[in-house]
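*Asks:*
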Amino acid sequence: VSILTISGGDGGGSVFEVKSTAGDTHLGGEDFDNRLVQHFVEEFKRKHNKDISKHTKALRRLRSACERAKRTLSSSTTASVEIDSLFEGIDFNTQISRARFEELCIDMFRNTIGPVDQALTDAKLQKRDIEEVVLVGGSTRIPKVQQLLSDYFNGKQLNKNINPDEAVAYGAAVQAAILTGDQSEMIKDVLLIDVTPLSMGIETAGGVMTKLVERNQRIPYKKGQIFTTYSDNQVYEGERGMTRDNHLLGKFDLEQIPPAP
33 VSILTISGGD GGGSVFEVKS TAGDTHLGGE DFDNRLVQHF VEEFKRKHNK DISKHTKALR
93 RLRSACERAK RTLSSSTTAS VEIDSLFEGI DFNTQISRAR FEELCIDMFR NTIGPVDQAL
153 TDAKLQKRDI EEVVLVGGST RIPKVQQLLS DYFNGKQLNK NINPDEAVAY GAAVQAAILT
213 GDQSEMIKDV LLIDVTPLSM GIETAGGVMT KLVERNQRIP YKKGQIFTTY SDNQVYEGER
273 GMTRDNHLLG KFDLEQIPPA P
């Protein structure tokens, strides 16, 4: 979730300034797929007394079918799942309703409001300050997600003019063009002021995450800090206190450093 202001236009250039960003890396389309997979694994076991939870090929085929069913449920009230010879020659044919899908995922759907609330708090804004709510990402097509979001903003109509599947790629292309100095008419007067979506830091003794760049810091940004010799430091991204719970961005070697006394 990003909150940004857009100013300028009408021949004078446009400025896109990101005020805050918040999110949950365990809250997205793949997580909804996992709930469906778990549901159908249990159904298959009830019907055929067979456990496919450890069979990679069967799970892969089931996951693909679940993703298709999830997409279908964004526009239809029911979806069929049909897989020939899913496991040990057994065909799997079943249906799932949108209501059942919402029931399976309702806790995660409700949790999508958390990052919205956090982004508003970080930007020091109120709900009433938001003029447009733009849907980005395939999972925003899910009717229940849209309903919860509209309710959160007191019944506000959501902006669906942008293809949610293409919005992120389009934005990344614009940013890449700006960074490479592209002079195309479409972007030559566009200025994007961005922030870091997650804190960045290095691993220090004991696997502790020592943050150097805080979340929502305007970029580009530079910071220096002195550390004593421990081992090859590793750069991580995330908000957890221990590096094992964060995302490794890369490693680097510090050479010609004298040994610790």
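Counting from 1 along the sequence shown, just add 32 to a position and that's the residue number in my numbering. Where is the CB? At the ideal position from N, CA and C, for every residue including glycine.
1) Three Cβ pairs or more, each shorter than 8 angstroms: is that satisfied between the segment 174-190 and the segment 150-158?
2) Does the pairing of the segment 72-86 with the segment 242-262 give three or more beta-carbon distances under 8 angstroms?
3) Taking a contact to mean a Cβ-Cβ separation below 8 angstroms, would you say Ala90 touches Leu68 in this structure?
4) For His80, which of helix, strand or coil comes out of DSSP?
5) So for Val168, helix, strand or coil by DSSP?
6) Count the other CB atoms, across all protein chains shown, that sit within 10 Å of the CB of Met274; report buried if there are 16 or more and exposed otherwise.
7) Could you tell me the distance, in whole angstroms, from the CA atom of Glu114 to the CA atom of Asp123?
8) Looking only at C-alpha atoms, which of Arg132, Gly233 and Glu75 sits nearest to Asp284?
9) Shortest alpha-carbon distance to Lys192 belongs to which of Gly203, Tyr202, Gln178 and Ala205?
10) Specify whether the segment 227-246 and the segment 203-211 touch according to this definition: at least 3 beta carbon pairs, one from each stretch, less than 8 angstroms apart.
11) Do you know how far the Cα of Gly213 is from the Cα of Val148?
12) What residue range is occupied by the uninterrupted beta strand (DSSP E) comprising Leu230?
13) What did DSSP end up calling Asn248 once you bin it into helix, strand or coil?
14) In terms of alpha-carbon separation, which member of Thr126, Ser96 and Asp116 lies closest to Thr110?
15) Which of the three DSSP states is assigned to Met241 in this structure?
16) With a threshold of 6 angstroms on Cβ separation, who are the neighbours of Ser85 within its own chain once the five nearest residues in sequence on each side are excluded?
17) Give the range of the beta strand (DSSP E) segment to which Ser107 is assigned.
18) Please report how far the alpha carbon of Lys220 lies from the alpha carbon of Ser46, in whole angstroms.
19) Is it buried or exposed for Ile35, if we count other Cβ within 10 angstroms and need 16 for buried?
*Replies:* Taking the structure as given:
1) no
2) No, the segment 72-86 is not in contact with the segment 242-262.
3) In this structure, the beta-carbon distance from Ala90 to Leu68 does not fall below 8 angstroms.
4) helix
5) coil
6) exposed
7) 8 angstroms
8) Checking the sequence shown, residue 284 turns out to be Phe, not Asp. Closest option to Phe284, Cα to Cα, is Gly233.
9) Gln178
10) no
11) 33 angstroms
12) Where Leu230 is concerned, there is no enclosing beta strand (DSSP E), given that its DSSP letter is neither H nor E.
13) coil
14) Thr126
15) strand
16) Val73
17) Looking at the DSSP string, Ser107 is not in any beta strand (DSSP E), and its letter there is neither H nor E.
18) Roughly 10 angstroms between the two C-alpha positions.
19) Buried, by the Cβ-count rule.
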